[in-house]
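Counting along the sequence shown from 1, when you hit position 30 you're at 1157 in our numbering, and nothing is skipped either side.
Everything below concerns the one structure shown next.
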Amino acid sequence: MVLKSWLDVPEDHDFSIENLPFGIFSTADNVTPRPGIAIGRFIVDLAALVDTEAFSMYCTCQFPYATALNSFAALGRETVNAVRMFVKYLLVEMTPIMRDNRELRQKCIVDTAAVKVEMHLPMKIGDFTDFLNSRTWTNPGLTTLPHLGFRFNPPRAFTARVSSLVTSGTPIVRPLGHLIDSNGKAYVGPSQQMDVEMEFAFFIGEGIKRFDRVTIDEAENHIFGVVLLNDWSTRDVQAPEDHPFAAFNAKSFASTISPWVVSIDALEPFRTKTQPQEPSDLLPYLTDKKELGTFDISIHMEWKLFSEGEDAESICSLVERTRNGTKEIETPGGNKRLYVQDGDEVIFTGWAGDKGDPTQAMRRVGFGTCEGVIVPAKPL
1128 MVLKSWLDVP
1138 EDHDFSIENL
1148 PFGIFSTADN
1158 VTPRPGIAIG
1168 RFIVDLAALV
1178 DTEAFSMYCT
1188 CQFPYATALN
1198 SFAALGRETV
1208 NAVRMFVKYL
1218 LVEMTPIMRD
1228 NRELRQKCIV
1238 DTAAVKVEMH
1248 LPMKIGDFTD
1258 FLNSRTWTNP
1268 GLTTLPHLGF
1278 RFNPPRAFTA
1288 RVSSLVTSGT
1298 PIVRPLGHLI
1308 DSNGKAYVGP
1318 SQQMDVEMEF
1328 AFFIGEGIKR
1338 FDRVTIDEAE
1348 NHIFGVVLLN
1358 DWSTRDVQAP
1368 EDHPFAAFNA
1378 KSFASTISPW
1388 VVSIDALEPF
1398 RTKTQPQEPS
1408 DLLPYLTDKK
1418 ELGTFDISIH
1428 MEWKLFSEGE
1438 DAESICSLVE
1448 RTRNGTKEIE
1458 TPGGNKRLYV
1468 QDGDEVIFTG
1478 WAGDKGDPTQ
1488 AMRRVGFGTC
1498 EGVIVPAKPL
């Protein structure tokens, strides 16, 4: 059964009634950041909703009001989904509770077409770990980043810079870095090899006690939700940092995320089988015994060139496509590029559900946009 809302939501909108992602927003008339749920161009103001009779009468779930989603996410997947399903119940076309109550609608529904809205980081982030877990990405990368010639046993990751995280739409200042010229001499200057990396970021909700462990089969229940992430990178700064350790300043200046957190339960209809795990000699604690699989998600990148105004072809990382800066990319407008230049805008989008299938389009689950424009470096 395909559900519809009494709100005007286009069939192929990322934030369908089957999605209902969580976020933190503020408005011009109320600058306090507060939790909300997105549906189409509208936001359900959860801070306003929890104070209504409708919430107290029909929802037995807790919803701790805060300017970040940490305390709510910590209640666990079951509670998070219960709140999401309650809001879904309020929004479906056959439910009159909010549909026929103008006062309740005015209090709880924000129309982003009529009200200026600012999005904020959805959670107060205390830790940010960058994992390398895609063999598909690593194999092409072996020709350009030789130090990646390793196996995934044990898993590979490093602690990234929490303070680098910004919401979609934040301008990205080209960073300065410790560079090496063609003669091997060190100098400080603006990075000339600004790159992007299209990734997914997972927010952890329910925690565990210190020294306790979570099995791989239990891990999914501790995930609050998923956003898109652009792991901006400076390859010329990264090169001397990578040996023998890992990227430091090369990846510490900015990481952009999409502001709406999509729950695992919203993605559930799009679960699919994964490829056989490799290597075959993974230790038992890394083996997915339940074979939960993964999700069928389409991702796309738009590269809007400052000098061109058209989109380059879809790519996920420039260091791969340019063979580590040795092979130029020719854009539809005839420009040739190796890396991102000042004034360029990069936009990531992602969604589950087939645009060409009307049935799936009605239950499309998308992530919105993860975008940023590069502005010139500040003087040294």
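Where a beta carbon is used, it is the ideal one built from N, C-alpha and C, also for glycine.
Source: prediction; values computed, not measured.
| Item | Value |
| --- | --- |
| Which listed residue (E1429, E1324, V1353 and V1467) has its alpha carbon closest to that of A1393 | V1353 |
| Straight-line Cα distance separating L1292 from I1343 | 27 Å |
| Alpha carbon of P1506 to alpha carbon of A1366, nearest angstrom | 23 Å |
| Three-state secondary structure assigned by DSSP to K1243 | coil |
| Coil, strand or helix - F1152 by DSSP | strand |
| Beta-carbon proximity check, V1388 vs P1302, cutoff 7 Å | no |
| For V1237, the three-state DSSP class (helix, strand or coil) | strand |
| Top-ranked residue by Cα proximity to A1193, from D1178, R1161, I1170 and T1187 | R1161 |
| A1175 versus E1230 - alpha carbon distance | 12 Å |
| Under 7 Å between C-beta atoms of G1304 and N1376 | yes |
| Classification of E1326 by the beta-carbon crowding that lies within 10 angstroms, buried from 16 upward | buried |
| Distance, G1480 Cα to H1140 Cα | 11 Å |
| Supposed close pair R1490, V1129 - CB separation, criterion 8 Å | 7 Å |
| Spatial neighbours of F1190 in its chain, beta-carbon cut-off 7 Å, leaving aside the 5 residues before and after | L1173, V1177, F1199 and V1210 |
| Distance between R1362 and E1324 (C-alpha atoms, nearest Å) | 11 Å |
| Cutoff 7 Å; reference D1423; Cβ partners in own chain excluding five residues on either side | F1397, T1399 and A1479 |
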